[in-house]
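Q: Structure below; questions to follow.
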């Protein structure tokens with residue numbers, strides 16, 4: 256961490272000869288660098304923790320009298336707002352200032368986390384959870400833009416993005432393990448978990464105010480906001496996510512009339528959004544779109560591929576984790592604390608995965624990292640798909656808990672670095688918002704698909720003690736299939752990307768010329784970079 260400032264200065268001189276820099280990176284002290292990275296990491300941690308409250312839902316249900324079939328709304332309400340507003344806030348951050356949007360989001364989350372902690376009935380808590388999600392929707396894409404701006408392509412950027420990525424497993428641990436402990440042993444019960452979120456978010460407000468560089472004016476000449484596009488995509492995403500979340504628990508399941516109608520309308524609105532964005536980008540109106548569709552064709556379409564992989568990897572990973580909790584709590588009848596302890600190895604492995612990324616992302620092809628990580632996540636789901644309930648935890652559960660997080664951390668850390676590389680300076684928060692939107696959608700999609708599989712097998716199996724186990728295993732087979740498909744996509748379409756970081760030791764020692772170490776993909780991107788972009792290392 257101590258080499259961050261020197262890394263910036265050394266790398267800046269190398270990159271300057273290859274690409275113009277629209278706005279110079281301010282001189283920063285090591286202390287401010289450290290605080291900035293920690294602030295963004297805690298922000299990511301808080302976001303993940305706030306969305307990982309599934310383990311305390313039964314307790315909230317008992318205390319507030321919420322029916323079991325309605326408890327999922329405490330997660331879905333948060334996901335609706337946090338996942339469906341990412342594109343809009345990403346664009347606003349790029350246009351009007353990432354620091355402003357970050358501080359708005361963290362202050363918002365602080366306030367509504369306190370509100371959730373004081374909620375006295377289910378209706379109030381449902382509404383407050385929906386409002387709470389607006390905060391992460393604002394500060395997560397802002398974080399990605401802030402880190403990309405503060406740290407040019409270098410080992411420093413790799414450390415920053417890997418640390419930010421490490422906030423996800425840490426947040427999962429806080430949401431699960433610490434949430435279970437606070438709920439079970441503190442006087443405030445489940446409310447203490449929300450007060451913890453408020454405290455963490457307040458730390459981000461303080462750190463962000465001190466460490467984030469002052470906002471600089473956008474380099475775009477036309478700074479109008481595409482409100483029509485924002486309405487279409489936000490409305491469409493809300494309807495799709497709502498349908499995916501409610502489909503499994505609707506009165507007639509996926510055959511329920513309003514689920515089918517909302518899903519169709521949501522897909523149509525997203526289709527209209529794409530048509531509208533194409534018209535703005537290529538038509539005669541000369542208005543800036545909310546999202547340039549040409550962004551998806553960057554790096555010969557590899558930008559689109561990494562987004563699809565992120566979508567399916569999160570669908571697999573979080574569905575695997577969801578069914579892991581179901582298995583321990585519903586099938587094995589374990590307590591909150593005992594369930595959370597069995598998931599703890601994932602947190603430890605997640606931290607090691609991000610350390611691995613820091614060391615090797617500048618040396619190993621991104622396609623290899625992504626293919627390996629997603630394949631290992633598939634193995635984790637496969638272990639639960641063939642689990643013997645009479646075997647010890649160490650035979651299946653422990654190994655699966657170690658392996659499950661590889662794909663999520665490898666894809667997130669290397670994927671965000673890749674996205675930052677191919678995005679232009681004024682697109683960083685928007686590009687990060689696209690990546691985050693796909694992971695949020697993947698979560699809803701994965702749980703919905705695996706639940707369909709579970710219900711289908713449960714409905715067709717003969718009654719008996721092994722019927723729920725067969726359905727559970729079938730759901731985990733679906734999770735494994737999604738992860739293995741991600742590996743296949745990486746092998747087929749991510750070849751030739753090369754490392755997305757820079758090995759500073761080679762640059763400093765003069766081992767070869769920097770141009771000779773630029774991958775084929777990076778050479779292809781020079782034309783984009785020379786027109787105002789950064790990112791060629």
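Numbering (the numbering used here), first residue to last: 256 to 792. Glycine included, every Cβ here is placed at the ideal spot set by N, Cα and C.
Helix, strand or coil for residue 601 per DSSP?
A: Note: residue 601 maps to helix in three-state DSSP.
Q: In chain order, what are the residue ranges of uninterrupted alpha helix (DSSP H) at least 4 long that sit wholly in the region 319–397?
A: 328–339, 341–351, 353–372 and 377–387, all fully within the region 319–397.
Q: Near residue 503, which residues of its chain fall below 6 Å by C-beta distance, leaving aside the five closest residues on each side in sequence?
A: Counting only Cβ-Cβ distances below 6 Å, and skipping sequence neighbours, we find 706.
Q: By the three-class DSSP mapping on this structure, what secondary structure does residue 301 have?
A: In the structure shown, residue 301 sits in a helix (DSSP, three-state: H, G or I).
Q: Whole angstroms are fine: how far does the CA of residue 584 sit from the CA of residue 592?
A: In a straight line, the C-alpha of residue 592 is about 10 Å away from that of residue 584.
Q: Expressed to the nearest angstrom, what Euclidean distance is found between the alpha-carbon atoms of residue 532 and residue 302?
A: Cα to Cα, the separation comes out at about 29 Å.
Q: Tell me whether the region 688–707 and the region 730–741 touch, counting them as touching only if at least three CB pairs, one residue from each stretch, are closer than 8 Å.
A: They touch, by the three-pair rule.
Q: Please report the straight-line C-alpha distance between residue 534 and residue 482, rounded to a whole angstrom.
A: If I take the Cα positions, the gap works out to 14 Å.
Q: Can you check whether the CB of residue 400 is closer than 8 Å to the CB of residue 348?
A: Against a cut-off of 8 Å, the Cβ pair of residue 400 and residue 348 comes out as a contact.
Q: Which runs of the beta strand (DSSP E) fall wholly inside the region 566–594 and span at least 3 residues, in chain order?
A: Within the region 566–594, no complete beta strand (DSSP E) run reaches 3 residues.
Q: Which two residues bound the contiguous alpha helix (DSSP H) that contains residue 710?
A: Unbroken alpha helix (DSSP H) run through residue 710: 683–715.
Q: Give the C-beta separation of residue 403 and residue 675 to the nearest angstrom, bearing in mind that I take them to be a contact with Cβ-Cβ under 8 Å.
A: About 4 Å; that satisfies the 8 Å criterion.
Q: Pick from 430, 724, 565 and 366: whose alpha carbon is nearest that of residue 602?
A: It is 430.
Q: Determine contact between the region 688–696 and the region 547–566, defined as no fewer than three beta-carbon pairs at a distance below 8 Å.
A: Yes, they touch.
Q: Taking the straight line between their C-alpha atoms, what separation do you get for residue 724 and residue 305?
A: Using only the alpha carbons, I get a separation of about 30 Å.
Q: With DSSP collapsed to three states, give me the class of residue 474.
A: It is coil, neither helix nor strand.
Q: When burial is assigned at 16 or more other CB atoms within 10 Å of the CB, is residue 409 buried or exposed?
A: Classification for residue 409: buried.
Q: When we look at the beta-carbon of residue 743 and count the other beta-carbons within 10 Å, is it buried (16 or more) or exposed?
A: Label assigned to residue 743: exposed.
Q: In or out: residue 293 buried (at least 16 other Cβ within 10 Å) or exposed?
A: When all chains shown are included, residue 293 counts as buried.
Q: Output needed for residue 450: all residues of its chain with C-beta closer than 8 Å, excluding positions within five of it in sequence on either side, in chain order.
A: Result list for residue 450: 368, 369, 372 and 443, in chain order.
Q: What span of residues does the alpha helix (DSSP H) with residue 433 cover, start to end?
A: From DSSP, residue 433 is part of no alpha helix (DSSP H); its letter is neither H nor E.
Q: Quick check: does the Cβ of residue 656 come within less than 7 Å of any heavy atom belonging to the ligand SAH?
A: Ligands in the displayed structure: none, and consequently the ligand SAH is not present.
Q: Helix, strand or coil for residue 785, going by three-state DSSP, please let me know.
A: Confidence in residue 785 is poor, its pLDDT being 41 and thus under 50, which makes the residue's placement too unreliable to answer from.
Q: To the nearest angstrom, how far is it from the Cα of residue 422 to the Cα of residue 415?
A: So the alpha carbons of these two residues sit roughly 11 Å apart.
Q: Starting from the C-beta of residue 678, find all residues in its chain whose C-beta is less than 6 Å away, skip the five residues before and the five after it, and write them out in chain order.
A: Same-chain partners within the cutoff: 686.
Q: For residue 646, is the classification buried or exposed, using 16 other Cβ atoms within 10 angstroms of its Cβ as the cut-off for buried?
A: Exposed: under 16 other Cβ atoms inside 10 Å.
Q: Measure how close the beta-carbons of residue 567 and residue 697 come, nearest whole angstrom, since I'm counting them as under 8 Å.
A: Right, the Cβ-Cβ distance comes to about 6 Å (below 8 Å), so this counts as a contact.
Q: Check whether the Cβ atoms of residue 809 and residue 419 sit closer than 8 Å, and answer yes or no.
A: Nothing about residue 809 can be read from this structure; the chain reaches only from 256 to 792.
Q: Nearest by alpha-carbon distance to residue 617: which of 673, 394, 650 and 662 is it?
A: Closest by alpha carbon: 673.
Q: Counting pairs of beta carbons, one from the region 572–581 and one from the region 605–624, are three or more of them closer than 8 Å?
A: With the cut-off at 8 Å, the region 572–581 and the region 605–624 do not touch.
Q: How many angstroms separate the CA atom of residue 670 from the CA atom of residue 501?
A: So the two alpha carbons sit approximately 30 Å from each other.
Q: I need the boundaries of the alpha helix (DSSP H) containing residue 725, first residue and last residue.
A: It spans 722–748 - the alpha helix (DSSP H) in which residue 725 sits, taken as one unbroken run.
Q: DSSP on residue 480, reduced to helix/strand/coil?
A: Correct three-state label for residue 480: coil.
Q: Beta-carbon separation of residue 631 and residue 662 under 8 Å?
A: Contact: yes.
Q: According to DSSP, is residue 676 helix, strand or coil?
A: Note: residue 676 maps to helix in three-state DSSP.
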